[in-house]
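Data block below; observations after.
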Amino acid sequence: MLQVKPGAQVVVDFLNVDGRPHSFGILAQGPPYGAEPPTEPAFPGAESPDAHMGTMPGGNATFSFTAGAAGTYWYVCHVPGHAAAGMYGRFLIQA
Numbered sequence: 058m059l060q061v062k063p064g065a066q067v068v069v070d071f072l073n074v075d076g077r078p079h080s081f082g083i084l085a086q087g088p089p090y091g092a093e094p095p096t097e098p099a100f101p102g103a104e105s106p107d108a109h110m111g112t113m114p115g116g117n118a119t120f121s122f123t124a125g126a127a128g129t130y131w132y133v134c135h136v137p138g139h140a141a142a143g144m145y146g147r148f149l150i151q152a
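Right under this line is the structure:
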């Protein structure tokens with residue numbers, strides 16, 4: 058689980074150390090996910106570039122966004138099939 062406060066400026070420096078493409082994004086909709094998770098991030102800018110294509114092995118992506126209202130959100134890998142296979146977790150915004 059990742060946790061931040063409402064209004065926090067969140068900076069994500071995503072490094073892919075796996076042998077296949079991966080990405081990182083924040084969604085309002087929780088699991089279960091189908092082969093392709095929802096495409097709209099919970100907050101403007103809350104996903105790595107080319108999220109559905111993913112960051113190539115050994116690559117990195119940096120992005121930032123402002124955390125919105127308090128609640129439970131989800132970080133996911135947007136590469137097709139990855140979130141459905143369990144690549145997600147809770148992203149909690151709490152005062």
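Per the numbering used here, the sequence shown starts with residue 58, numbered consecutively. We treat Cβ as the ideally placed atom computed from N, Cα and C, and that holds for glycine. Given the structure is predicted, the values throughout are model-derived calculations rather than measurements.
Own chain, CB closer than 6 Å to residue i, minus 5 neighbours either side, in chain order
i, result
"G125", "F100"
"G138", "A92"
"Q86", "P95"
Cut-off 7 Å between Cβ atoms - residues of its own chain near residue i, not counting five sequence neighbours on either side
i, result
"T112", "F71, N73, P78, H79, S80, S105, A118"
"F122", "V67, F100, P101, G102, A103"
"G116", "N73"
"D75", "P114"
Those residues which DSSP pairs with residue i across a bridge
i, result
"R147", "W131"
"G82", "E104, V133"
"D33", "Residue 33 lies beyond the range of the chain shown here (58 to 152); nothing can be said about it."
"A118", "F71"
"T123", "Q66"
Nearest-angstrom Cβ-Cβ length linking residue i and residue j, presumed shorter than 8 Å
i, j, result
"Y145", "Y132", "6 Å"
"P98", "L84", "7 Å"
Residues of its chain near residue i, where Cβ-Cβ distance is below 8 Å and the 5 sequence neighbours each way are ignored
i, result
"L59", "Y132, G146, R147, F148, L149"
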